[in-house]
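Engineer: Quick one: structure below, then a few questions.
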Amino acid sequence: MSDDTRGEVPQLPEPADDNVPAETLPGTGDGGSGGGDEQGNGRKFFEDLTGVNVDWRNALLVPILAIITALIASAFVILISDLDVWSNFGTESLSNAFSEIRRAFVALFEGSLGSGRALSETLTNSSTLILAGLSVAVGFRAGLFNIGTEGQILAGGMAAVWAGFAFDFPVFIHLPLVIIAGAIGGAVWGGIPGLLRAKTGAHEVITTIMMNQIAILLVLYLLDTQLFQLAGRDDPVSKTIKESGRLPRLVGFLDNSDYRVHAGLILALLAAAAVYWLLFRSTIGYEYRAVGANPDAARYGGMSVTRIYISVMSVAGALGGLAAVDLMSGVLHRASPGFSGGLGFEAIALALLGRSHPGGVVVAGLLFGALRTGGQEMQVATDVPIDLILVVQALVVGFIAAPALIRAIYRVRTGEGTGQVTRGWAT
Amino acid sequence: MTAVAPTIELEEIRTPQEIKRSRYLGITYIAMAIFVLWAFAFGSVGNGSATFGLARPTDPSFPDFTFNAAFVAFIVAAVLASMGGVQLARGFGKRSNLVLAFGFILFTFAFLGWATAQSGLGSFSMVGMFETTIVRSVPITLGALAGVLCERVAIINIAIEGMLLGGAFVAVLVASLLRTEDASLYFGAPMAGWIGVAAAMATGAVLSWVLAVFSVRYRVDQIIVGVVINIFVLGLTSFLTVRLLVTNPDLNSGAIFKSVKIWVVGDIPVIGPIFFNQTAIVYLTFILVAALTFALFRTRWGLRSRAVGEHPQAADTVGVNVYRFRYLNVMMGGMVAGIGGAWFTVGTVGRFDENMTNGKGFIGLAAMIFGRWHPVGAMSAGLVFGFADALRQKLGILQTPIPSEFLGMLPFLATILVVAGLVGKARPPAADGQPYIKE
Numbered sequence: 000m001s002d003d004t005r006g007e008v009p010q011l012p013e014p015a016d017d018n019v020p021a022e023t024l025p026g027t028g029d030g031g032s033g034g035g036d037e038q039g040n041g042r043k044f045f046e047d048l049t050g051v052n053v054d055w056r057n058a059l060l061v062p063i064l065a066i067i068t069a070l071i072a073s074a075f076v077i078l079i080s081d082l083d084v085w086s087n088f089g090t091e092s093l094s095n096a097f098s099e100i101r102r103a104f105v106a107l108f109e110g111s112l113g114s115g116r117a118l119s120e121t122l123t124n125s126s127t128l129i130l131a132g133l134s135v136a137v138g139f140r141a142g143l144f145n146i147g148t149e150g151q152i153l154a155g156g157m158a159a160v161w162a163g164f165a166f167d168f169p170v171f172i173h174l175p176l177v178i179i180a181g182a183i184g185g186a187v188w189g190g191i192p193g194l195l196r197a198k199t200g201a202h203e204v205i206t207t208i209m210m211n212q213i214a215i216l217l218v219l220y221l222l223d224t225q226l227f228q229l230a231g232r233d234d235p236v237s238k239t240i241k242e243s244g245r246l247p248r249l250v251g252f253l254d255n256s257d258y259r260v261h262a263g264l265i266l267a268l269l270a271a272a273a274v275y276w277l278l279f280r281s282t283i284g285y286e287y288r289a290v291g292a293n294p295d296a297a298r299y300g301g302m303s304v305t306r307i308y309i310s311v312m313s314v315a316g317a318l319g320g321l322a323a324v325d326l327m328s329g330v331l332h333r334a335s336p337g338f339s340g341g342l343g344f345e346a347i348a349l350a351l352l353g354r355s356h357p358g359g360v361v362v363a364g365l366l367f368g369a370l371r372t373g374g375q376e377m378q379v380a381t382d383v384p385i386d387l388i389l390v391v392q393a394l395v396v397g398f399i400a401a402p403a404l405i406r407a408i409y410r411v412r413t414g415e416g417t418g419q420v421t422r423g424w425a426t
Numbered sequence: 000m001t002a003v004a005p006t007i008e009l010e011e012i013r014t015p016q017e018i019k020r021s022r023y024l025g026i027t028y029i030a031m032a033i034f035v036l037w038a039f040a041f042g043s044v045g046n047g048s049a050t051f052g053l054a055r056p057t058d059p060s061f062p063d064f065t066f067n068a069a070f071v072a073f074i075v076a077a078v079l080a081s082m083g084g085v086q087l088a089r090g091f092g093k094r095s096n097l098v099l100a101f102g103f104i105l106f107t108f109a110f111l112g113w114a115t116a117q118s119g120l121g122s123f124s125m126v127g128m129f130e131t132t133i134v135r136s137v138p139i140t141l142g143a144l145a146g147v148l149c150e151r152v153a154i155i156n157i158a159i160e161g162m163l164l165g166g167a168f169v170a171v172l173v174a175s176l177l178r179t180e181d182a183s184l185y186f187g188a189p190m191a192g193w194i195g196v197a198a199a200m201a202t203g204a205v206l207s208w209v210l211a212v213f214s215v216r217y218r219v220d221q222i223i224v225g226v227v228i229n230i231f232v233l234g235l236t237s238f239l240t241v242r243l244l245v246t247n248p249d250l251n252s253g254a255i256f257k258s259v260k261i262w263v264v265g266d267i268p269v270i271g272p273i274f275f276n277q278t279a280i281v282y283l284t285f286i287l288v289a290a291l292t293f294a295l296f297r298t299r300w301g302l303r304s305r306a307v308g309e310h311p312q313a314a315d316t317v318g319v320n321v322y323r324f325r326y327l328n329v330m331m332g333g334m335v336a337g338i339g340g341a342w343f344t345v346g347t348v349g350r351f352d353e354n355m356t357n358g359k360g361f362i363g364l365a366a367m368i369f370g371r372w373h374p375v376g377a378m379s380a381g382l383v384f385g386f387a388d389a390l391r392q393k394l395g396i397l398q399t400p401i402p403s404e405f406l407g408m409l410p411f412l413a414t415i416l417v418v419a420g421l422v423g424k425a426r427p428p429a430a431d432g433q434p435y436i437k438e
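Chains A and B supply the protein sequences, listed in that same order.
The opening residue of the first sequence carries number 0 in numbering that gives the first Met the number 0; numbering runs sequentially from there.
The opening residue of the second sequence carries number 0 in numbering that gives the first Met the number 0; numbering runs sequentially from there.
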């Protein structure tokens, strides 16, 4: 149980330098995932256990190249979706298209980082994403694929909204109540698949997907009930969270009413620190990672895999619920159908980009938050819809999952990819 | 129309779990009987009769089926109670799933009778209901078949949703392009539709090729690849919809397949309008189910595919090219999902909307599991889920006090129960989701 990481970002220990070339010796073919390499597996087991992500090349170079490649590819998508280029192909239409691409990227950059307001929006979006990403990352560390963050956000969000409008307390009671309600809502929604996995072996990927769909319908139903629906409205909109139940804005004192960045950011950073402590400094986290690395070995070592599965999924669900708190209590203040807006799926991409490490998730969350915010500006300033961001995210994760592609394009040495996270649902 | 997956297990000695399960099942029947008695039988007394319409207004007249809802509910309750008694006393053995399906059909019948009787209308078009069921089941069945093709060779396909969505988009785009006024290649409605379907199949094939390359060649976790493909397709189709289709509506008005009445059998009362007066994609779905069942279980290709899914090492040893089978079958699965995607646009409404598949791919995944990785099972599950979908839509007309959302949840709840082993047993191919490394 040697745990020699120091600080938030793990230091680079010695074995790393031997490790990288060993993994990428010429002649190992495309063997990025290193599934059959027993020594590699043993080292990976050790890394998973200690949380020392030794491979800096993999942790920095590949993501950066992946992002650059994805942005270039998205420029092509803008180009080939330009009807003018198709119908009047020539220098003029091409230069128009290129200037549009340039304007889109400028808007993407300025809209996310270019001003105080842009920065505030980026941080607002990032805090939700970080919490959602942590939810997936915790699952990954324990070898569980939590596709259910989407549903956990919906469940936690409804619980938080309910706590927000149903009670009338002073802030210092009401706000914690809202936060706890959201976390519990998410924990229950995540805990059910955990319980099923532990007791019956039902694969969490299937059950969480089903729980997502059930949550979507449950929200639709709840928004139509007297308890939730805003009085006097026919459309499915919930009552609003009372002022005392809202996360306070961080820079409200600046008299800039459009700076929306709120205390959810602090919540997200605290959660990331807590998850780091939980995973890499506590006994429970050690058990999580042991189960993730090899459940049979963990069981053999006397750990209760049943209990750990339930606990991991509840923690993951609670983090999803906190993401919902951040969203509802910090930004939206009321629920409407599908308020999660695909956040749970973005979170999967984000956790992979952040290598399921809390520090990595924070960085990846800031990046995705910037993309999201910049994308909104891009949509307003140019004819390029924000959905392009999803394409960028998908490509980034694709490249990170299979660094062999990056290796082929840039002729650089890369480490192994994400490999097998789950074991499929065969017994 | 029964929702029974064929039982392929051999007769087994009953384990304590099975005995326990059998007991739960018996208690469930009795609980259902009590519920029917309380809610539908006594609840219908005085509500009078329910009429199930068995012909559409346009069809040649066929007598409606009118009955006293309360009386029928009493009979259903009695049958369910005796089923529970038999189940508890000695069990139904190999027929237990058949009996379970029968129980649910009876329950649904009593429910519909009650719902019809208690509504002011007093009548309910059964033919319309089943017609909608068949139509709604098509994308679910096709999605599930795509899943069966992939998972039988041990590649998990979470990307069914993305393949449906991509197919839907490309189908309507291609079909519309072929029908614009100034198109150099102008096609009539059915032909443009078919080319749209072909383009959707090609899209599905490309997307599933990506899935295959990542999971076979790069050995990336298949579930991650699936999620990535879903995000990618959702992003790209939404992007292109806003950028292209909104400003050029003529690119988003594809040919719609018309219902084709099949000679003679289409004129049979009740069955004709339900089964034999549908669009070509619906017929194609049923043909695919039959063809795939035969191919998987009666041909050399099928045997080898299943071997690749169950025990790739063994298959490799006897000379089966595991990688080639995985590539080809996954791409075939993608093509089937592409047809399912085309159903959304050229097969029904003729236009694409952002994220219009709305989780149908995940229901397809559920149907595959519910149908135990078998084409006929997948279709049966597709029909059950399609029925739930149709019921959800029609219950609004009857104004039942039951929220339609709960009906919508049924497929997902049922799937959770199945994977948890509470109802029936579902065993995936043994190597499902694991990459194969050739020695």
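We put the CB at the ideal spot given by N, CA and C, even for glycine.
This structure is a prediction, so every number in the text was calculated from the model and none was measured.
Can you say whether F256 (chain B) is buried or exposed, counting buried as having 16 or more other CB atoms within 10 angstroms of its CB?
Structural biologist: Burial call: buried.
Engineer: In this structure, does DSSP put P20 (chain A) in helix, strand or coil?
Structural biologist: In this prediction, P20 (chain A) scores a pLDDT of 37, lower than 50, which makes its location untrustworthy; no coordinate-derived value is stated.
Engineer: Rounded to whole angstroms, what is the Cα-Cα separation between L394 (chain B) and R248 (chain A)?
Structural biologist: Each residue's Cα considered, the two are about 46 Å apart.
Engineer: Please classify S207 (chain B): is it buried, with 16 or more other beta-carbons within 10 angstroms of its beta-carbon, or exposed?
Structural biologist: That one is buried.
Engineer: CA-CA distance, L397 (chain B) and G52 (chain B)?
Structural biologist: Answer to the nearest angstrom: the Cα atoms are 14 Å apart.
Engineer: Within the same chain, show all residues whose beta-carbon is closer than 6 Å to that of G166 (chain B), passing over the 5 residues directly before and after it, in chain order.
Structural biologist: Excluding positions up to five away in sequence, the list reads A199, T202, G203, G337, G340 and A341.
Engineer: In chain A, what lies closer than 8 Å to P402 (chain B) by C-beta?
Structural biologist: Y220 and D223, listed in chain order.
Engineer: Touching or not, the stretch 157-172 of chain A and the stretch 233-249 of chain A, by the rule of three or more beta carbon pairs under 8 Å?
Structural biologist: Result yes; three or more Cβ-Cβ pairs closer than 8 Å.
Engineer: For G432 (chain B), which residues in the same chain have their Cβ closer than 6 Å to its Cβ, ignoring the five residues on either side in sequence?
Structural biologist: Taken in chain order, the residues that qualify are I155 and Q221.
Engineer: What residue range is occupied by the uninterrupted beta strand (DSSP E) comprising G52 (chain B)?
Structural biologist: Unbroken beta strand (DSSP E) run through G52 (chain B): S48 to G52.
Engineer: Using a Cβ-Cβ cut-off of 8 Å, state whether S237 (chain B) counts as contacting chain A.
Structural biologist: Output row for S237 (chain B): interface = yes.
Engineer: Hey, out of B:A174, B:A38, B:I368 and B:S81, whose CA is closest to A145 (chain B)'s CA?
Structural biologist: The shortest Cα separation from A145 (chain B) among B:A174, B:A38, B:I368 and B:S81 belongs to B:I368.
Engineer: Among A:V177, A:T148 and A:P192, which residue has its Cα nearest to the Cα of R333 (chain A)?
Structural biologist: It is A:V177.
Engineer: Taking the CB atoms as reference points, tell me whether I311 (chain A) and A141 (chain A) lie closer together than 8 Å.
Structural biologist: One detail in the question is off: residue 311 (chain A) reads as Val in this sequence, not Ile. Contact: yes.
Engineer: Cβ of A393 (chain A) less than 8 Å from any chain B Cβ?
Structural biologist: Yes, contact with chain B.
Engineer: With a threshold of 8 Å, are at least 3 pairs of Cβ atoms found where one atom belongs to the stretch 387-407 of chain A and the other to the stretch 348-357 of chain A?
Structural biologist: Counting Cβ pairs under 8 Å, three or more are found: they touch.
Engineer: Can you tell me where the alpha helix (DSSP H) holding S379 (chain B) begins and where it ends?
Structural biologist: From DSSP, the alpha helix (DSSP H) with S379 (chain B) extends over P374 to L397.
Engineer: Compare the C-alpha of Y217 (chain B) against each of A:A401, A:V411, A:Y409 and A:A407 and name the closest.
Structural biologist: Ranking A:A401, A:V411, A:Y409 and A:A407 by Cα distance to Y217 (chain B) puts A:A401 first.
Engineer: Quick check: what's the CA-CA separation for S94 (chain A) versus A72 (chain A)?
Structural biologist: Spanning the two alpha carbons is a distance of roughly 18 Å.
Engineer: Rounded to whole angstroms, what's the CA-CA distance from V98 (chain B) to A315 (chain A)? Just pull it up for me.
Structural biologist: Computed Cα separation, rounded: 40 Å.
Engineer: If you scan the stretch 286-364 of chain A from start to end, which runs of the alpha helix (DSSP H) of 4 or more residues do you find wholly inside it?
Structural biologist: Qualifying alpha helix (DSSP H) stretches, in chain order: 294-299, 304-326 and 342-352.
Engineer: What are the boundary residues of the alpha helix (DSSP H) that T27 (chain B) is part of?
Structural biologist: T27 (chain B) -> alpha helix (DSSP H) spans P15 to F34.
Engineer: What is the residue span of the alpha helix (DSSP H) that S281 (chain A) lies within?
Structural biologist: Element bounds for S281 (chain A): n/a, residue is neither H nor E.
Engineer: So which residues on chain B does I66 (chain A) lean against when the C-beta distance must stay under 7 Å?
Structural biologist: What I66 (chain A) touches in chain B: nothing, since even the nearest Cβ is about 15 Å away.
Engineer: Could you check what DSSP says for V348 (chain B) in three-state terms: helix, strand or coil?
Structural biologist: V348 (chain B) falls in the helix class under three-state DSSP.
Engineer: So what does DSSP say about T65 (chain B), is it helix, strand or coil?
Structural biologist: In the structure shown, T65 (chain B) sits in a strand (DSSP, three-state: E or B).
Engineer: Between the stretch 366-382 of chain B and chain A, which residues of the former have a C-beta closer than 7 Å to a C-beta of the latter?
Structural biologist: So the list reads I368, given in the order they occur along the chain.
Engineer: Grab me the residues of N76 (chain A)'s own chain with a C-beta within less than 7 Å of its C-beta, minus the 5 sequence neighbours each way, in chain order.
Structural biologist: Reading off the sequence, residue 76 (chain A) comes out as Val, not Asn. The answer, listed in chain order, is L387 and V390.
Engineer: Can you tell me where the alpha helix (DSSP H) holding F369 (chain B) begins and where it ends?
Structural biologist: K359 to F369 is the span of the alpha helix (DSSP H), which, as asked, contains F369 (chain B).
Engineer: Counting only C-beta atoms, is A389 (chain B) closer than 8 Å to chain A at any point?
Structural biologist: No, its Cβ sits nowhere closer than 8 Å to a Cβ of chain A.
Engineer: Taking CB distances under 8 Å as the criterion, tell me whether V361 (chain A) reaches chain B.
Structural biologist: By this cut-off, V361 (chain A) is not an interface position.
Engineer: Using a Cβ cut-off of 7 Å, which residues of the stretch 174-205 of chain A contact any Cβ in chain B, in chain order?
Structural biologist: Correct list: L195, T199, A201, H202, V204 and I205.
Engineer: Please list, in chain order, all residues of the same chain as E203 (chain A) whose beta carbon is under 6 Å from its beta carbon, the five residues on each side excluded.
Structural biologist: Within the same chain, E203 (chain A) has close Cβ partners L143, P192 and R196.
Engineer: How far does the alpha helix (DSSP H) with F166 (chain A) in it reach, from first residue to last?
Structural biologist: Per DSSP, F166 (chain A) belongs to no alpha helix (DSSP H) and is neither H nor E.
Engineer: Of all Cβ atoms in chain B, is any one closer than 8 Å to the Cβ of V411 (chain A)?
Structural biologist: No, its Cβ sits nowhere closer than 8 Å to a Cβ of chain B.
Engineer: With distances taken Cα to Cα, identify the nearest neighbour of F386 (chain B) among B:S136, B:S21 and B:F123.
Structural biologist: Measuring from the Cα of F386 (chain B), the nearest candidate turns out to be B:S136.
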